[in-house]
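Everything below concerns the one structure shown next.
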Amino acid sequence: MRLFAIGDLHLSGHPPKKPMEIFGSRWKNHWLRIQEDWKNRVTEKDTVLIAGDTSWAMRLQEAQEDLDEIRALPGHKIIIRGNHDYWWESAGKLNRLDAGNRMQYLYGTTIVTHDGRFAICGTHGWLCPNDKHFHPEKDAKPYRRELLRVERTLQEAVTLNCLCTILLLHYPPVHDLFHPSGFTELLKKYHVPLCIFGHLHGLTPHSIFPRKYDETLLHLVSADYRECKLLEIKINEKGVPYESDC
Numbered sequence: 165m166r167l168f169a170i171g172d173l174h175l176s177g178h179p180p181k182k183p184m185e186i187f188g189s190r191w192k193n194h195w196l197r198i199q200e201d202w203k204n205r206v207t208e209k210d211t212v213l214i215a216g217d218t219s220w221a222m223r224l225q226e227a228q229e230d231l232d233e234i235r236a237l238p239g240h241k242i243i244i245r246g247n248h249d250y251w252w253e254s255a256g257k258l259n260r261l262d263a264g265n266r267m268q269y270l271y272g273t274t275i276v277t278h279d280g281r282f283a284i285c286g287t288h289g290w291l292c293p294n295d296k297h298f299h300p301e302k303d304a305k306p307y308r309r310e311l312l313r314v315e316r317t318l319q320e321a322v323t324l325n326c327l328c329t330i331l332l333l334h335y336p337p338v339h340d341l342f343h344p345s346g347f348t349e350l351l352k353k354y355h356v357p358l359c360i361f362g363h364l365h366g367l368t369p370h371s372i373f374p375r376k377y378d379e380t381l382l383h384l385v386s387a388d389y390r391e392c393k394l395l396e397i398k399i400n401e402k403g404v405p406y407e408s409d410c
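Taking the working numbering, the leading residue of the sequence shown gets 165, the next gets one more, and so forth.
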């Protein structure tokens, strides 16, 4: 049983209604390339974390075509909400709809995988204060709310006593790539060894992440940053993730 991660699939039907090539050559045939890598590496026994921005659809019914393509791929999928996932209704409803499809949706909750080896804590995250796009009048409240969700999931993970806790976010836990936030304070407070996130685009692949922030290894898994290849998450016998980009 292995664990993988990818984010920002940005699907829009087949053929795509919103081709991602308009954002640069790294997105050319991105979904075909991701599918090829996924099928070559992931088995039905494995789990894939999807870090948000899965579909451009505006409604759940419209997203089914994209979700069906993900359902058809091997492995157990764990999905969080991204800022463009307007089709997302509630994690509870989505989990009921996909109860038989080996797809789970996280929003401020924790899932145990791999016979107790991993506690996956997942939520949306938010823009951090001092980010150039952060506007206190509209962002301060959801930012605080997401901090509460993160802390609640990390508190739950402590009680589960898994070998490795992973925080899965859509937004990065740092602002301007390097600076601390309430999210990094929680990573430090709960000694989280690994944080996986997406949202960021246009960076040179493998240039800034992975890197350590205090005790936590930060991994960016946006599809363009990963060159449309899934990240395989590996830990040692003490539950510490390898720093190499696997």
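We treat Cβ as the ideally placed atom computed from N, Cα and C, and that holds for glycine.
Selection from ASP172, ARG313, ASN294, THR329 that minimises the alpha carbon distance to TRP220: If you number the sequence shown from 1, residue 220 lands on position 56. Among ASP172, ARG313, ASN294, THR329, the Cα nearest to that of TRP220 is on ASP172.
Identity of the residues DSSP links to PRO405 by a beta bridge: Residue numbering aside, residue 405 sits at position 241 when the sequence shown is read from its first letter. Note: PRO405 sits in a beta bridge opposite ILE399.
THR317 and LEU331 closer than 9 Å at C-beta: Counted from its first residue, the sequence shown places residue 317 at position 153. Counted from its first residue, the sequence shown places residue 331 at position 167. Contact flag set, yes.
DSSP-derived helix/strand/coil call for CYS410: Stepping through the sequence shown from its first residue, residue 410 is reached at position 246. Caution applies to CYS410, whose pLDDT of 46 falls short of 50 and renders its modelled position unreliable; the model cannot decide the point.
Spatial distance of TRP191 from LEU367 (CA atoms): Position 27 of the sequence shown, counting from 1, holds the residue named residue 191. Position 203 of the sequence shown, counting from 1, holds the residue named residue 367. Looking at the two C-alpha atoms, the distance is approximately 13 Å.
Reference LEU395; option with closest CA among TYR271, PHE373, LYS209: Stepping through the sequence shown from its first residue, residue 395 is reached at position 231. Answer by Cα proximity: PHE373.
Sub-9 Å separation of LEU213 and ALA169 beta-carbons: For the purposes of this step, residue 213 is taken as residue 49 along the sequence shown, with counting starting at 1. For the purposes of this step, residue 169 is taken as residue 5 along the sequence shown, with counting starting at 1. Contact: yes.
Which of helix, strand or coil DSSP assigns to PHE282: Stepping through the sequence shown from its first residue, residue 282 is reached at position 118. Correct three-state label for PHE282: strand.
Same chain, Cβ closer than 6 Å to HIS194, neighbours up to 5 away in sequence not counted: The count along the sequence shown starts at 1 and reaches residue 194 at position 30. Cβ neighbours of HIS194 beyond the five flanking positions: MET184, ALA387, CYS392.
Contained beta strand (DSSP E) runs [length at least 3] in the segment 296–351, N- to C-terminal order: 328–332
Per DSSP, the bridge partner or partners of GLN268: In the sequence shown, residue 268 corresponds to position 104, counting from 1. ILE242, per the DSSP bridge assignment.
Strand pairing of CYS359, partner residues [DSSP]: Along the sequence shown, read from residue 1 onward, the residue named residue 359 stands at position 195. Answer is LEU331, LEU382, bridged to CYS359.
Backbone CA spacing between GLY256 and ILE243 [nearest angstrom]: Start at 1 with the first residue of the sequence shown, and residue 256 comes out as number 92. Start at 1 with the first residue of the sequence shown, and residue 243 comes out as number 79. Cα to Cα, the separation comes out at about 13 Å.
Three-state class that DSSP yields for LEU231 in the structure shown: In the sequence shown, residue 231 corresponds to position 67, counting from 1. Helix, per DSSP.
Distance between MET222 and GLU401 (C-alpha atoms, nearest Å): Here the question's residue 401 lines up with position 237 in the sequence shown. Here the question's residue 222 lines up with position 58 in the sequence shown. Cα to Cα, the separation comes out at about 43 Å.
Residues bridged to LYS376 (per DSSP): Taking the first residue of the sequence shown as 1, we reach residue 376 at position 212. Answer is LEU381, bridged to LYS376.
Helix, strand or coil at GLY256 [DSSP, three-state]: Numbered from 1 along the sequence shown, position 92 holds the residue referred to as residue 256. Residue state, collapsed to three classes: helix.
Rounded C-alpha distance that separates GLU379 from LEU358: Against the sequence shown, residue 379 aligns to sequence position 215. Against the sequence shown, residue 358 aligns to sequence position 194. Going by the C-alpha atoms only, they are around 9 Å apart.
Outcome for VAL322 when other beta-carbon atoms lying within 10 angstroms are tallied against a minimum of 16: Here residue 322 refers to the residue found at position 158 of the sequence shown. VAL322 comes out exposed.
Reduced DSSP category for SER219 - H, G, I as helix; E, B as strand; rest coil: The residue given as residue 219 occupies position 55 in the sequence shown. SER219: strand per DSSP, three-state reduction.
Residues near ASP303 in its chain [Cβ-Cβ closer than 6 Å; skip 5 each side]: For this step, residue 303 is matched to residue 139 along the sequence shown. Only LEU291 meet the Cβ criterion.
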